[in-house]
Every structure is written in C-alpha cells, then in structure tokens.
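Just below is one structure, and these are the notes that go with it.
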Amino acid sequence: MSTLLAYPSPDARLSLTCDASDRALGSVLSQEESGERKSLAFFSRKRTPAEQQYSVYDVELLAIYASVRHFSYMLEGRNFTIYADHKPLIYAFTQKHEKCSPRQIRHLDWIGQFSTDIWHISDSLNVVADSLSRISEIEMPSLIDYKEFAKAQLSDEEFQLLKSCTNSLNFQTLKVPGMDTELFL
Numbered sequence: 001m002s003t004l005l006a007y008p009s010p011d012a013r014l015s016l017t018c019d020a021s022d023r024a025l026g027s028v029l030s031q032e033e034s035g036e037r038k039s040l041a042f043f044s045r046k047r048t049p050a051e052q053q054y055s056v057y058d059v060e061l062l063a064i065y066a067s068v069r070h071f072s073y074m075l076e077g078r079n080f081t082i083y084a085d086h087k088p089l090i091y092a093f094t095q096k097h098e099k100c101s102p103r104q105i106r107h108l109d110w111i112g113q114f115s116t117d118i119w120h121i122s123d124s125l126n127v128v129a130d131s132l133s134r135i136s137e138i139e140m141p142s143l144i145d146y147k148e149f150a151k152a153q154l155s156d157e158e159f160q161l162l163k164s165c166t167n168s169l170n171f172q173t174l175k176v177p178g179m180d181t182e183l184f185l
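Going by the UniProt record's numbering, the first residue of the sequence shown is number 1, and it counts up by one from there.
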C-alpha cells in the first residue's frame with residue numbers, strides 16, 4: 001500500500017478496506033494498478049456514544065456502511081471489492097433477513113446498492129484501515145504550557161492593571177482540567 005495518494009483511473013479496479021476499533025471507524029479507498037494497490041482516499045471518524053454500544057458484527061458493518069456512504073460519489077457505477085477483517089461479514093448478503101436487525105437491513109441495503117462483494121482480509125494486511133480506526137486513541141501533546149501561561153498572566157503588570165480596572169473589559173476565568181491553574185480570558 002502506497003503512502004502517497006494516486007489519481008483515480010476510470011478503468012482501474014477499486015477496493016475499499018474498512019475497519020472499526022472501540023472508538024472510531026476507518027477505511028482506505030484504493031485502486032489496482034499494474035498489480036499494485038494505490039491509495040486514492042482515506043476516511044476516519046469517531047463512533048458516537050450510541051455506536052459504542054454496538055456488537056462487533058454491527059460496528060464492523062457500520063464501518064463498511066459509513067465508508068460506502070462517504071465514498072459513494074467515487075464508487076457509484078464502479079465495480080469494487082470490500083475488505084473487512086471480521087469474517088462473518090462475508091456472509092452478510094447470503095443470510096436471511098429474519099436474522100437481521102432493522103439497522104443491519106438498512107446498512108446492507110445501502111451497501112448492496114454499490115457492491116455485494118465482501119472479502120475477508122487478515123489483520124496483518126489491514127494496516128491502513130486499522131490505523132485510521134484507531135486514530136482517536138492517539139492523544140496529541142498540548143503545545144501550550146498552561147501553568148507557565150498562568151504564571152505569565154499573574155506576573156504581567158499591564159495585564160494585572162487591565163484586570164483591576166473598572167471598565168467594560170470583563171475577564172472570565174477558565175479552570176484547566178487536571179490542574180490547579182486558572183487562566184483569564
């Protein structure tokens with residue numbers, strides 16, 4: 001899988017590789033060119049609190065559904081294969097509707113308008129979609145040192161003068177979570 005995005009080719013075979021984690025969904029839309037898969041686009045989003053209650057089957061189906069909806073403008077009228085690392089999904093279109101929940105039927109109906117070709121992919125080959133589905137689990141460090149910022153506010157004479165004046169300028173205090181520091185906005 002390439003790390004650069006390729007230009008879409010109208011004749012290339014497309015594939016949509018999807019995955020879900022505890023907190024997010026992710027997928028990569030690729031095309032087969034000269035025997036090599038090239039990435040066209042990526043999709044990732046957090047799961048809602050309601051979606052976090054879904055079963056494994058339902059959340060993996062949701063990853064496919066959300067990805068097909070997201071890329072529908074690129075998938076419409078094209079042959080493509082869907083890859084998922086949850087093996088029971090390969091039988092999704094052959095199971096009886098009586099065994100499906102209304103939500104599963106809605107999702108399968110939408111997906112089926114584009115493709116019914118779902119294949120299993122092993123976890124070791126599902127690296128990109130797996131990474132995108134876990135992106136919300138990565139916490140970015142804050143570039144602002146809030147304690148230092150609060151100290152600077154307290155030691156700044158001009159700021160203290162503005163804060164003590166009785167004019168139309170109103171400062172609000174902001175409590176920084178996890179710290180005993182207050183900032184003035």
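Ideal placement from N, C-alpha and C gives every residue a C-beta, glycine not left out.
Counted within 10 angstroms of its Cβ, other Cβ atoms place residue i as buried (16 or more) or exposed
{"i": "Q31", "result": "buried"}
{"i": "Y73", "result": "exposed"}
{"i": "R47", "result": "buried"}
{"i": "Q160", "result": "exposed"}
{"i": "residue 191", "result": "Nothing can be reported for residue 191: it is not among the residues displayed for the chain, which extend from 1 to 185."}
{"i": "A92", "result": "buried"}
{"i": "Q104", "result": "buried"}
{"i": "D19", "result": "buried"}
{"i": "S101", "result": "exposed"}
{"i": "H120", "result": "exposed"}
{"i": "S164", "result": "exposed"}
{"i": "S9", "result": "exposed"}
Under 8 angstroms between C-beta atoms of residue i and residue j
{"i": "A41", "j": "L29", "result": "yes"}
{"i": "R45", "j": "S15", "result": "no"}
{"i": "A84", "j": "E51", "result": "no"}
{"i": "F43", "j": "L75", "result": "no"}
{"i": "I144", "j": "I118", "result": "no"}
Rounded C-alpha distance that separates residue i from residue j
{"i": "L62", "j": "H107", "result": "7 angstroms"}
{"i": "Y54", "j": "S39", "result": "29 angstroms"}
{"i": "E182", "j": "S155", "result": "14 angstroms"}
{"i": "N170", "j": "P49", "result": "36 angstroms"}
{"i": "I64", "j": "D58", "result": "10 angstroms"}
{"i": "E148", "j": "L4", "result": "40 angstroms"}
{"i": "F71", "j": "G178", "result": "40 angstroms"}
{"i": "T94", "j": "D109", "result": "12 angstroms"}
{"i": "residue 186", "j": "V56", "result": "The structure shown does not extend to residue 186, since the chain is modelled only from 1 to 185, so the question has no answer here."}
{"i": "P88", "j": "S122", "result": "13 angstroms"}
{"i": "R23", "j": "E98", "result": "29 angstroms"}
Residue i, enclosing alpha helix (DSSP H) - first and last residue
{"i": "L61", "result": "V56 to H70"}
{"i": "L154", "result": "Y146 to S155"}
Residue interval of the beta strand (DSSP E) (run including residue i)
{"i": "L183", "result": "E182 to F184"}
{"i": "F114", "result": "No beta strand (DSSP E) holds F114; DSSP gives it neither H nor E."}
{"i": "Q31", "result": "A24 to E33"}
{"i": "F80", "result": "F80 to A84"}
Nonlocal neighbours in the same chain, by C-beta distance under 6 angstroms from residue i, ignoring five residues either side
{"i": "V68", "result": "I111 and F114"}
{"i": "A150", "result": "T181 and L183"}
{"i": "A66", "result": "L25"}
{"i": "L185", "result": "Q172 and L174"}
Own chain partners of residue i with C-beta closer than 7 angstroms, once the 5 adjacent residues on each side are dropped
{"i": "A12", "result": "Q31, E32 and E33"}
{"i": "K96", "result": "none"}
{"i": "V176", "result": "Y146 and L183"}
Near the ligand FAD: residue i beta-carbon under 7 angstroms from a heavy atom
{"i": "W110", "result": "The ligand FAD is not among the ligands present in this structure, which contains no ligands whatsoever."}
Neighbourhood of residue i by C-beta distance below 8 angstroms, restricted to the same chain and skipping five residues each side
{"i": "F80", "result": "R13, L14, S15, L16, F114, S115 and D117"}
{"i": "Q153", "result": "F159, L183 and F184"}
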